[in-house]
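Just so we're aligned, residue -1 is where the sequence shown starts under our numbering, counting upward by one. The C-beta atom is built at its ideal place from N, Cα and C for all residues, glycine as well. The structure displayed is predicted, hence computed values, not measured ones. Taking it in order: structure first as structure tokens, then the write-up.
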Amino acid sequence: MGNSHIHLHHPSALRRRKLQSQRGFSLIELIVVVIIIAVLAVIAIPSISKRMRDRRTSELAQRVSQTYRDARMRAMGRGGAVMVRYTTGSGAGQLTTLEGVVGTSGTCAELPSNGCNRNWNAADSRQLASLNVDASGEYANMKVTMNDPTNNGVSSMDVCYTPLGRTFVRYTAGGNFVQLTGVPWANVARYNGSNPVGLQRHVVILPNGTSRLGL
């Protein structure tokens, strides 16, 4: 019967062999990975920044469109005339939504007024909402400009909605309203000085009073 030999291995030797079989990354390899990640980040940052700026442009255009839609729905829901006034404001554009009311003397409750040809000054109307691009930090360097149906830029435009869903327009604050038959539109863009840059969005106001983003 042959001799049998039992080889005993010290635990520390087994541990060393196990560690050798599980080799990790060297310092040089880690540095190379970090450099690659940094280079990819630098390449991606301009594209990401541009997308974020374009997203702000789209967001502002949607707010402009929503302003007109809300005014139309309120006029029909409340039974009173509602007007959206566009002015250039401090240069970047401003939209103010006003509701015509009667009873502003304080002796009786204010009630909606259903006519567009009325006095729309502060004493005879209620301000419902305001979108001032100049005062909105998230829309820095952006402008909302307005154009009439003949594509001429205007510095003022009032769009009035009646409870029956009719839409009237005027391009001077003191003028008479006429029924909207053309398609005025707003241009929303970011500017570098006086030049628009990046994505531009159009908001069209249709003769039936609805508004939507243009193609």
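Task: Buried versus exposed call for Leu25 [16 or more other C-beta atoms within 10 Å across all chains shown] - done: On the sequence shown, residue 25 is found 27 positions in, with the first residue counted as 1. Counting the other Cβ atoms within 10 Å of the Cβ of Leu25 gives fewer than 16, which makes it exposed.
Task: Contact check, Tyr169 vs Val142, beta carbons under 8 Å - done: Here the question's residue 169 lines up with position 171 in the sequence shown. Here the question's residue 142 lines up with position 144 in the sequence shown. No. Outside cutoff.
Task: Residues sharing a beta bridge with Pro194, DSSP - done: The residue labelled residue 194 in the question sits at position 196 within the sequence shown. According to DSSP, which records beta bridges pairwise, Pro194 is partnered with Tyr189.
Open item on the list: With a threshold of 8 Å, are at least 3 pairs of Cβ atoms found where one atom belongs to the segment 127 to 144 and the other to the segment 87 to 94?
Closed with: Enough Cβ pairs lie closer than 8 Å, so yes.
Open item on the list: Taking the alpha-carbon of Tyr137 as reference, which of Ile35, Pro44, Gln60 has the nearest alpha-carbon?
Closed with: Locating residue 137 in the sequence shown gives position 139, counting from the first residue. Of Ile35, Pro44, Gln60, the residue nearest in Cα terms is Gln60.
Task: Boundaries (first-last residue) of the beta strand (DSSP E) holding Val157 - done: Numbered from 1 along the sequence shown, position 159 holds the residue referred to as residue 157. Run containing Val157: 154 to 159, per the beta strand (DSSP E) assignment.
TODO: Determine the closest residue to Arg199 out of Arg67, Ala39, Val37, Val62, with distance taken between C-alpha atoms.
DONE: Residue numbering aside, residue 199 sits at position 201 when the sequence shown is read from its first letter. Of Arg67, Ala39, Val37, Val62, the residue nearest in Cα terms is Val62.
Task: Nearest neighbour of Tyr159, chosen from Ala187, Val40, Ser111, Trp183 [CA to CA] - done: Taking the sequence shown and counting its residues from 1, the one referred to as residue 159 is at position 161. Taking the Cα of Tyr159 as reference, the smallest distance to any Cα among Ala187, Val40, Ser111, Trp183 is reached at Ser111.
Task: Closest Cα partner of Asp156 within the set Trp183, Ser134, Val30 - done: Numbered from its first residue, the sequence shown carries residue 156 at position 158. Residue Trp183 holds the alpha-carbon nearest to the alpha-carbon of Asp156 among Trp183, Ser134, Val30.
Task: For Val131, the residue or residues it bridges with in DSSP - done: Counted from its first residue, the sequence shown places residue 131 at position 133. DSSP, once it has assigned bridges, lists no residue as partnering Val131.
Task: Phe166 - containing beta strand (DSSP E), residue span - done: Stepping through the sequence shown from its first residue, residue 166 is reached at position 168. For Phe166, the enclosing beta strand (DSSP E) has its first and last residue at 165 to 168.
Task: Complete runs of the beta strand (DSSP E) confined to the segment 17 to 103 [at least 3 residues] - done: Fully contained in the segment 17 to 103 are the following beta strand (DSSP E) runs of length 3 or more, in chain order: 80 to 85, 92 to 100.
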